[in-house]
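Heads up: the structure comes next, in structure tokens.
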Amino acid sequence: AAGSPIAGSAGEGNYSLGRLLHDSAGVTLGAALPGVLVVATIAALVLERRRRKAIATPADPSDRGTSSGADRPTREILLVGIGAALSLLATELAWQHYFIAVVPLAMFLLRTAPGTLVRTALAVLALAMVSLQNVGRLFGLHQPASGAAVVAGGTLLLFLVGLSALARPREA
């Protein structure tokens, strides 16, 4: 249950966004948080499909709305990464070591391509935030509660940048 004491507080090392909101602001979102994240993901998938259909070549109707053969593996990595970030953001319990699951999304977003400078910069920032265990001491974040917001914020940033990468127009 949302806000359950069994899940552990941010002070005990629970880096869950839902738990952080409960502990710091007294807000319990329950099923609303996962619902919003899923709806955002569905919206990005719908935008992606529409944009792919719009740029598909009319000469090849079999390719309309689907990934090209070369693009499919990278799209799948992006979808796996978005799903991992979604699950970490939506859950009531997320210990710090769970956040290794966002590495595929971060690696996807760190790829260089024309017009991705902002995306890459945001991904670097988000990855640094999620990697708090390694860099937290530099910022004096020794307590789990102080780091929970940074780790959850970095994961949310990766998720949003991932959704943006999914929904952006692509070349056919």
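Residues in the sequence shown are numbered from 80 upward in steps of one, following my numbering. By construction, the Cβ of each residue, glycine as well, lies at the ideal position given by its N, Cα and C atoms.
Sorting V115, G90 and T107 by C-alpha distance to the C-alpha of G97 places T107 at the top. Taking one beta carbon from each stretch, the segment 98–117 and the segment 151–163 have fewer than 3 pairs nearer than 8 angstroms; the two do not touch.
Linking E91 to Q175 through their CA atoms gives a straight-line distance of about 11 angstroms.
Between L157 and T234 a beta carbon distance of about 15 angstroms is seen, past the 8 angstroms cut, so the two are scored as non-contacting. With 16 or more neighbouring CB atoms inside 10 Å of its own CB, T120 falls in the buried class. Between A228 and L99, the gap from beta carbon to beta carbon is short of 8 angstroms.
Residue environment analysis places R198 among the buried positions, since at least 16 neighbouring C-beta atoms fall within 10 angstroms of its C-beta.
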